[in-house]
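In order, the protein sequences belong to chains C and U.
The first sequence lines up with residues 14 to 528 when you count with the numbering used here.
The second sequence lines up with residues 732 to 876 when you count with the numbering used here.
We put the CB at the ideal spot given by N, CA and C, even for glycine.
Quick caveat, the model's predicted, so the values are computed rather than measured.
A quick write-up on the structure given underneath.
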Amino acid sequence: MQLTGDRLSQIQDLLERGMLGFVPEIILSLAVIALLLCDLGRRRIRPAVPGWIAGLALGLAALWIVVNFPAGTSPLFGWLEGSVHKPLLVNDPFAAFFKLFVLAASLVVLPMCMQSPLLNKRSTSEFYALLVAASLGMLIMASSANLLMIYLGIEFASMASYLAVGYFKQDRRSSEAGLKYVIYGSVASGIMIFGLSLVYGLTGSLALDDLASTVTASGMNATALAVASILVFAGFAYKMAAFPMHFWCPDVYEGAPLPFTAYLSVASKAAGFAVCIRFLMAFGPEFRIRFTDYAGLPDGAGFGWKEIIAAASALSMSAGNLAALKQENIRRMLAYSSIAHAGYLLMGVAVLKPDDAGSEQFGALLFYFIVYFLMNLGAFFVVHLVTVRTGEETIESYKGLGRRAPFLAVALTTCLVSLLGIPPTGGFIGKLHLLSEVVEGGLIWLAVVAGINTAISAYFYFKLIKAIHLDKAKDESFPAVAISNRLLVAALVAPLLILGIFFAPVSEWTKGFGL
Amino acid sequence: MGFQYANVLFGLLFGVAFVILNVAVLSRILAPRIKDPAKETTYECGEPAVGSAWVRFDMRFYTVALVFLIFEVEVAFLFPWAAVFHHFSKIGGLFAFLEVFVFVAILGVGLVYCWAKGDLEWVKSTSSGEAAVVPPAPRGELRAP
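Here it is as structure tokens:
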């Protein structure tokens, strides 16, 4: 290969411009290194220091994204084929939305980590390093435009998550959770990389843009491409905790350090959705692969992502909600509820459309993401505060919380009502938007399934609400909750109520982040 | 077209029948059965077997293997860089030069981390300060202390 000076300058220019768009990730990388080095000094640093370092880095990265919010699509890194730039990463409003989402989730989780007595027993800077590294992996997931980067981002986020889930080495549940997560994760990523290698073999390129152009080309072995992309989808479903890759979810959510459970249920899921949506968009409008290689099939016959995603969605919400009915542990209950929510969110993915035509659908989906962020993190924050104080996490131990800690009880109730989707909370508006888009997209049966599922889920959400407000507690005492924690909980719960009534500006705003 | 697949089907059926006939049927009828205690023991390269196979391997083997793996991968990444670097050196190439240093520095942090945590020492001191003394393993036996 001969590189002329002109071409070299182009490549170097590409790299240098890439670095500029990569600043948030660089900040996080530096923070990971700093946090690892924190642990090595002779003198033990104060336990709060690593938390502040992580917070500073995450905050700076988020600030950088807000200030340099991408107006259009700018490709980063990659290589040149002729004069065509094949990027590894892209910086666009969609990526920026999910990057901010992940960073905000980790910022909310940080105070939980800093208060967790179990986490502060031993040197904790490793744990923060893992948290920041997982966020870094998710940022890469959100912006990857290349099959390799998709895999790399998912693996990066997963590796850090495995370690953080099994962080309490002495705790059997945590070790079990870590091991299960690793085994499920490696199976899922094995399936996924097999799919990715098939996609590469079929299209001859790693760039998602090329996938888009080969899907529509004739003479393509459509059956093989359909199988390959379903295998790839398995990897995404694992990150989203959607059916049929959801089995790890309850055990991991139960055993992991509670702050990290909260983090996984929001950030990891969102990153999985981001990378999945970007992959699906490569299949063009309606995401169909037309079977052109068989004679005698009716015109337009083919493999449709829409049906596959709709089926995964219906099964996820049914599996999640039905299994949640019998849970006695609040973490397991919330885990199954998060599987069900993966189903609701997938419902929005099934009707997505690329370009400007899809701004309504993207708006509905991303609005639900914002609401999900608030209600799930709000619920986990309250669960964290209660668990730290009572040391228990059964639904039994929530009896009489309404009398013992009225503020927390009201906050948790609001989050649960929103997870269920009852007005006047954001959860209702989010679900309403989603369902109306689904009906408009022609999947009426899916909307009916979602409605039935909402009714089923009422049972277990209300079981907890009943325990909180109607049942009597054995022990009426409850340690006080500091004002700073109350403010944090209020900052998560109040927007939920506001979004339930005054939602128009936000739902308009989210329409601008489509692909 | 369908006929060609029939070939495959017959080949498959024949293969399955062949294996079942030989392994399950003929060997039972034809094979001699002479019992001998030596036949029942574990085969260990012709040597008499020593100890049980169910020994615990020391964690340190894995740690060292992991550390080795990391730096091996580092080298694997440095080779492609070295192969194209002379192109970049024609136009200054400061960027490509610095980039690889950043890469090596990050891996260096990993080495420092292992070192400071004591994972490079074979006899690792425990948290209470006293060294965990490891008795030398008997010869011919891979056994964890």
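Item                                                                                                                                                              : Value
Under 7 Å, Cβ to Cβ, is there at least one residue of chain U near C:I46?                                                                                         : yes
Does the Cβ of C:R344 have 16 or more other Cβ atoms within 10 Å, making it buried, or fewer, making it exposed?                                                  : buried
Would you say C:Q128 lies against chain U (beta-carbon separation less than 7 Å)?                                                                                 : no
Measuring only the C-alpha atoms, how far is C:G415 from C:L421?                                                                                                  : 8 Å
How big is the Cα-Cα spacing for C:P263 and C:N342?                                                                                                               : 10 Å
Tell me which same chain residues have a C-beta within less than 6 Å of the C-beta of U:D850, skipping the five on either side of it?                             : T794
Hey, out of C:P518, C:W318, C:A142, C:K112, whose CA is closest to C:F246's CA?                                                                                   : C:W318
Is C:Y197 near the ligand COA, going by C-beta to nearest heavy atom under 6 Å?                                                                                   : For the ligand COA, the structure offers nothing, since it holds no ligand at all.
Is the region 279-289 of chain C in contact with the region 199-208 of chain C, if contact means three or more CB pairs nearer than 8 Å?                          : no
Can you tell me whether C:W77 is helix, strand or coil according to DSSP?                                                                                         : helix
Based on DSSP bridge pairs, tell me the residues matched to C:T227.                                                                                               : In DSSP, C:T227 forms no bridge with anything.
Give, in chain order, every unbroken run of the alpha helix (DSSP H) that is at least 4 residues long and sits entirely within the region 309-362 of chain C.     : 318-337
Going by beta-carbon coordinates alone, are C:F394 and C:V288 separated by less than 7 Å?                                                                         : no
How would you call U:P779, buried or exposed, if buried means at least 16 neighbouring beta carbons within 10 angstroms?                                          : exposed
At 7 Å on the CB atoms, spell out the chain U contacts of C:S22, in chain order.                                                                                  : I822
Is C:F107 near C:L528, with beta carbons less than 7 Å apart?                                                                                                     : yes
Would you tell me roughly how many angstroms separate the C-alpha atoms of C:E409 and C:F473, rounded to the nearest one?                                         : 13 Å
Interface residues of chain C around U:I837 at Cβ under 7 Å?                                                                                                      : I46
If the cut-off is 8 Å on Cβ atoms, which residues from the region 185-218 of chain C count as contacting chain U, listed in chain order?                          : none
Mapping the DSSP letters down to three states, classify U:A875 as helix, strand or coil.                                                                          : Any reading at U:A875 must be qualified, since the residue scores a pLDDT of 43, below 50, and its modelled position is unreliable; the value itself is stated next. U:A875: coil per DSSP, three-state reduction.
Counting only runs of 4+ residues fully inside the region 128-166 of chain C, write out the alpha helix (DSSP H) ranges in chain order.                           : 138-156
Between the alpha carbons of C:M127 and C:L120, how many angstroms are there, rounded?                                                                            : 11 Å
Whose C-alpha, out of C:Y164, C:A84, C:A44, C:G191, is nearest the C-alpha of C:Y141?                                                                             : C:A44
Could you give the residue range of the alpha helix (DSSP H) that holds C:N498?                                                                                   : 496-514
Determine whether the Cβ of U:H817 lies closer than 7 Å to any Cβ atom of chain C.                                                                                : no
Which value, in whole angstroms, describes the spacing of the CA atoms of C:S329 and C:P257?                                                                      : 7 Å
So, under 8 Å CB-CB, C:Y197 and C:F273 are touching, yes? Tell me the CB distance rounded to an integer number of Å.                                              : Not confirmed; about 16 Å, so no contact.
Can you give the beta carbon distance from C:A173 to C:L143, rounded, assuming they're within the 8 Å contact cut?                                                : 5 Å
Report the rounded CA-to-CA distance for C:G464 versus C:M253, giving the unit in angstroms.                                                                      : 21 Å
Can you list the residues of chain A that C:E29 reaches, using a CB-CB cut of under 9 Å?                                                                          : No chain A is present in this structure, whose protein chains are C and U.
Where in the region 32-94 of chain C do unbroken runs of the beta strand (DSSP E), each at least 3 residues long, occur, reported from the N-terminal end onward? : 87-89, 92-94
State buried or exposed for C:D488, treating a residue as buried only when at least 16 other CB atoms are found within 10 Å of its CB.                            : exposed
Answer yes or no: do C:M151 and C:V115 have a C-beta to C-beta separation smaller than 7 Å?                                                                       : yes
Using DSSP with H/G/I as helix, E/B as strand and the rest coil, what is C:H98?                                                                                   : strand
So, C:L102 versus C:F90, is the Cβ gap smaller than 7 Å?                                                                                                          : yes
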